[in-house]
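Residue numbers (this note's numbering), protein chains in the order written: chain C, 1 to 161; chain V, 162 to 612. For every residue, glycine included, the Cβ atom is placed at its ideal position computed from N, Cα and C. Please read all numbers here as calculations on a predicted model, not as lab measurements. Since the structure comes first, as structure tokens, the remarks are kept for the end.
Okay, here's the thing in structure tokens:
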């Protein structure tokens, strides 16, 4: 296999293995993790750090960006987990897909696109998965307000009469 | 001829402010590469091997396939699962699950609820095994708080007792619905009946049949009620003979076996590639059970077997669940023998509200009570992922906390959400009549798929 593989170094956060990598090295790093028997992509999600008040405690060589993709990979042979965290800037919310390595990430990446608006390049079917096709906005972004949507019916009985 | 947009076109559509359609297009509108990717990536095959699978005529205009829609209001879709199926005659060529009909934004809601209130939210995701949802949420919160080793013994064993009984009730519901889907209607009645017995016990312990919010960060909400041991023993006597009846009714029955054996086959490699966990992964022969392989609570002190299948078909998944009920009964027997006495929640005033009686006597208790129920407790900064074995597979909880009393981001890795990705794969090349059996054998809970 001629694809580049970057050896990964992991840190520990609350006894859990975490790998930080840049967006450019994302695919190569995950390929390295996959080669290390981590054959299952258990979870892929994102966090919008727009209004985060605390200290993000990122390593010094990682620049904090608005979005972060969090991938949980599992090795059945070693009974271990590793978590890959990648920073994604807000002005170019794009990242490569893991579909060709982990086909199971398909629905999870669609969910991240649907909820955060992060686009996965070369994803086979990048459409909204939970929200309707004609929905505006990305609900799990921190600048998307929680609230009520107007309903067609009224609970004010006096008005109905 | 219309062609399906390429990835670049899709990205351009998104840039223009529109979202592409979610539905399934007939294969004649797909390029060969797209089709290959759809199949080959999952099978981890070379392009040449995938090309052999295709039986499409050379001219796409001659391709006589039909797209039919199944659900979301179909009785066998276990809620509001919608499937688009591409058929050729009675053979399913392709399938796409379309979800989101039950999406209520629970992860967004979770960001507005305190860690104290969060249990009420997560318990409604997988409403068939609510206690497992609460358990994983509580464990994630406790890990962030750094108190996971200080949980009193009784609380830990109570959690295990409830989690196992919940696994039994969930699998009994599966047996009921699986029977119903395949036409064994009497099984539906029996499964619901036995499940109801367990729910009655839950009602006695937690006050509710479902959506308990009983397992909370720091322990459980209340101690076991008087006479609980007799109730559990009654359940343990009642259920095993009923399981024997199910064996007589279904396992050995030729019609049942014909409907399930060899239907919806998936291999270990495919299941792992698709991220499937729980009975689906175990049916392929991979002995992976988080209770044994990454033990949490005190599962490492118990003796039980991980039930695995061999053929990865619907029948294996049925018998795994049936036998997991038996294993859970074994576990509950051991829990009954070892249930310690003592506190049922952590005695840490910052996390646990004071008992009601103390509020009348102590000013400090009143303040703590008030603060806990209005502001909640603050959880240190950081992020954590905790996973446990729910009846459907690995349920995980990812929480990022910014040091306030509400989670900054809460994500639940729902086993059903990932498991239904196996559907297109299991249905490929099968008959439309088997589609129902396959959906049923995945045992999805749509509340958790859509969250």
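Per the Cβ contact rule, the segment 431-441 of chain V is not in contact with the segment 538-547 of chain V (fewer than 3 Cβ pairs under 8 Å).
Taking a Cβ-Cβ cut-off of 7 Å, the neighbours of residue 435 of chain V in chain C comprise 103, 104, given in sequence order.
What residue 269 of chain V touches in chain C, judged by beta-carbon distance under 9 Å, is 115, 139, 140, 144, 146, going in chain order. With respect to the C-alpha of residue 590 of chain V, the residue from V:230, V:243, V:250 having the closest C-alpha is V:250. Distance from the CA atom of residue 367 of chain V to the CA atom of residue 389 of chain V, rounded to whole angstroms, is 12 Å.
Residue 585 of chain V counts as buried, since no fewer than 16 other beta carbons sit within 10 angstroms of its beta carbon.
Three or more Cβ pairs closer than 8 Å define a contact, and the segment 94-109 of chain C falls short of that threshold against the segment 558-565 of chain V. In the structure shown, the three-state DSSP call for residue 88 of chain C is strand.
At least one C-beta of chain C is nearer than 8 Å to the C-beta of residue 273 of chain V.
In the displayed model, residue 461 of chain V falls within a helix according to three-state DSSP. For residue 499 of chain V, the enclosing alpha helix (DSSP H) begins and ends at 475-499.
Taking 9 Å as the upper bound on Cβ-Cβ separation, chain C lies near no residue of the segment 374-396 of chain V. Listed along the chain, the chain V residues whose CB falls inside 7 Å of the CB of residue 83 of chain C are 546.
In summary, the residues of the segment 558-578 of chain V whose CB is separated from some CB of chain C by less than 9 Å are 559, 561, 562, 563, 564, 565, 569, 570, 572, 574, 578, in the order they occur in the chain.
Contact between the segment 261-281 of chain V and the segment 345-363 of chain V is absent: fewer than three C-beta pairs spanning the two stretches fall below 8 Å.
Residue 587 of chain V and residue 467 of chain V do not touch by the CB rule: their CB atoms are close to 22 Å apart, not below 8 Å. Judged by DSSP secondary structure, residue 110 of chain C falls within the alpha helix (DSSP H) whose first and last residues are 105-116.
Nearest neighbour of residue 360 of chain V by Cα position, chosen from V:183, V:601, V:298, V:292, turns out to be V:292. In this chain, the alpha helix (DSSP H) harbouring residue 602 of chain V covers 593-603. When secondary structure is reduced to three states using DSSP, residue 72 of chain C falls in the strand class. For residue 243 of chain V, the uninterrupted beta strand (DSSP E) segment begins and ends at 243-249. Within the same chain, 19 come within 8 Å of residue 9 of chain C by CB-CB distance, once the 5 residues on both sides are set aside. With 16 or more other Cβ atoms inside 10 Å of its own Cβ, residue 339 of chain V counts as buried. In its chain, beyond the 5 residues on either side, 87 have a beta carbon closer than 7 Å to the beta carbon of residue 63 of chain C.
Secondary structure at residue 309 of chain V: coil, using DSSP grouped into helix, strand and coil. As computed with DSSP, residue 16 of chain C is found in a beta bridge with C:13.
With contact defined as three or more Cβ pairs closer than 8 Å, the segment 66-73 of chain C and the segment 109-121 of chain C are in contact.
Not one beta carbon of chain C lies nearer than 8 Å to the beta carbon of residue 317 of chain V. Interface flag for residue 247 of chain V against chain C is unset, since no Cβ pair is found closer than 8 Å. The CB of residue 70 of chain C comes closer than 7 Å to the CB of 559 in chain V, given here in chain order. Secondary structure at residue 424 of chain V: coil, using DSSP grouped into helix, strand and coil. Burial is judged here by how many other beta carbons sit within 10 angstroms of a residue's own beta carbon; residue 119 of chain C has at least 16 and is buried.
The segment 499-506 of chain V makes contact with the segment 306-320 of chain V; the number of CB pairs closer than 8 Å reaches 3 or more. Going by DSSP, residue 469 of chain V is part of no beta strand (DSSP E) at all; its letter is neither H nor E. Look at residue 120 of chain C here: in three-state DSSP terms it is strand. By the C-beta density criterion, residue 50 of chain C is exposed, having fewer than 16 other C-beta atoms within 10 angstroms.
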